[in-house]
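Data first, discussion second: the structure below is written as structure tokens.
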Amino acid sequence: MIVAIDGPAGSGKSSTARLLAKKLGFIYLDTGSMYRAIALLFQRLGIEPGDSRIAEILDTTCIEIRYDEGVMHVLLDEEDVSDSIRSTAITELSSRISTIDVVREKLVAEQRRMAMMCEQDGGGVVMEGRDIGTVVFPDAEIKFFLVADASERARRRLLQYEESGIDADYDQILADIVDRDIRDTSRKNSPLKQAEDAKVIDTTHLSFDEQVTIMEAAIRERRH
Ligand code: DC
């Protein structure tokens, strides 16, 4: 069974998907982390969108997701980059490089391959991103589209930064979220868009527990 969760930055996809996967005994796949790993690679190599070397570099690069005692790790050519992909610079760059066609082709193929491997093992997958229900798995058994007001998403991001001891400014976070929304929804290839058959969950006024409970109930109902 594939559970697809899409939505804009800060809508609570990652934390929700992680907990749902745990409750259901499914594998959790955060596809944004794969775009972030490519952004880190480009940052290190000084590559900007439009560079003629991109296709060649992608051909020889391996992005993997592995689990160690239930914790997800992102590997860029065997190096664990799980922490370094969370910087604000990589957040911004990942949104820009995700508009590149060859980057999307590579990662979508890899996402399908990983989910197929989980299914072959008899397991389910909770996959979250921007285009899971529309492009990666248009036939997913259940699809959710999470939304929340930009101001509420910025407030949650600020809290996350504060909890991790990172200095951040609310107005700057809000401006970044609005910028990312525009870029993620307006790109030509696989823009962030609600699949017609997705259940829309507006989390603006929901607590985390409430939203997980609603989604878990919908998934369990679908399984029966
Ligand atoms: O979910 P996230 O914020 O970690 O994702 C980082 C960037 O990657 C986001 O700005 C858009 C891009 N992305 C994408 O284009 N498609 C996905 N399926 C997941 C992420």
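Per the working numbering, the sequence shown runs over residues 5 to 228.
Every residue, glycine too, gets a C-beta built ideally from N, C-alpha and C.
Are residue i and residue j close, meaning C-beta to C-beta below 7 Å?
i: A144; j: I94; result: no
i: V204; j: I6; result: no
i: D63; j: E132; result: no
i: A41; j: I67; result: yes
i: L45; j: R134; result: no
i: Q198; j: F141; result: no
i: V78; j: I69; result: yes
i: V112; j: A59; result: no
i: V151; j: D84; result: no
i: S88; j: R184; result: no
i: Q47; j: L97; result: yes
i: T208; j: E166; result: no
i: G14; j: R161; result: yes
i: R108; j: N193; result: yes
i: L28; j: V216; result: no
How would you label residue i, buried or exposed, when you count the other beta carbons within 10 angstroms and need 16 or more for buried?
i: I170; result: exposed
i: K147; result: buried
i: Q124; result: exposed
i: T65; result: exposed
i: D153; result: exposed
i: I104; result: buried
i: D72; result: exposed
i: S102; result: buried
i: R191; result: buried
i: T138; result: buried
i: A21; result: buried
i: D173; result: exposed
Going by the DSSP bridge assignment, what does residue i pair with across the sheet?
i: L150; result: I205
i: E68; result: L79
i: V182; result: None; V182 has no bridge partner.
i: G133; result: D10
i: Y32; result: V130
i: D84; result: L79
Assuming residue i and residue j form a contact by the criterion Cβ under 8 Å, report the distance between their Cβ atoms to the nearest whole angstrom.
i: I9; j: G127; result: With 8 Å as the limit, I9 and G127 do not qualify as a contact, their Cβ atoms being about 17 Å apart.
i: E114; j: M38; result: 7 Å
i: A202; j: L178; result: Incorrect: roughly 26 Å between the Cβ atoms, too far for contact.
i: G16; j: F212; result: 7 Å
i: L80; j: I61; result: Contact doesn't hold; Cβ gap of about 12 Å is too wide.
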